[in-house]
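Engineer: Pasting a structure below so you can have a look.
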Amino acid sequence: YKAESGEIFAVNPICTHMKCDVKWNTSEKSWDCPCHGGRFDCKGKVLTGPPAQDLEVVNLEQLIEKDNS
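With the sequence shown counted from 1, adding 1 to any position gets you this note's numbering.
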């Protein structure tokens, strides 16, 4: 997700509850899981359950460095 400020947030889009793929909800600016209704903010923090754990944050700088080496 890219905020209006230009800041980029990257998460692993796999729900921590039952491993379903989460989808970006543009109007709510949240990651939503279609399987059991879990919701996460743009940084991957749990907004509503059943997930008890946040989404895994992806470090884009490490990915870029890895691709360039």
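Idealized CB from N, CA, C, for every residue including glycine.
State the Cα-Cα distance for the pair L56 and C36, rounded to the nearest angstrom.
Structural biologist: Position 55 of the sequence shown, counting from 1, holds the residue named residue 56. Position 35 of the sequence shown, counting from 1, holds the residue named residue 36. Approximately 15 Å between the Cα atoms of the pair.
Engineer: At the level of alpha carbons, what is the spacing between L48 and K30?
Structural biologist: For the purposes of this step, residue 48 is identified with residue 47 of the sequence shown, where counting begins at 1. For the purposes of this step, residue 30 is identified with residue 29 of the sequence shown, where counting begins at 1. Distance between the alpha carbons of L48 and K30 is about 11 Å.
Engineer: Anyone know if the C-beta pair for G50 and V12 falls short of 8 Å?
Structural biologist: As a working note, residue 50 is residue 49 in the sequence shown. As a working note, residue 12 is residue 11 in the sequence shown. In this structure, V12 does not lie closer than 8 Å to G50 by Cβ.
Engineer: Near V59, which residues of its chain fall below 7 Å by C-beta distance, leaving aside the five closest residues on each side in sequence?
Structural biologist: Here residue 59 refers to the residue found at position 58 of the sequence shown. Closer than 7 Å at the Cβ level, and outside the excluded window around V59, lie A11, V12 and N13.
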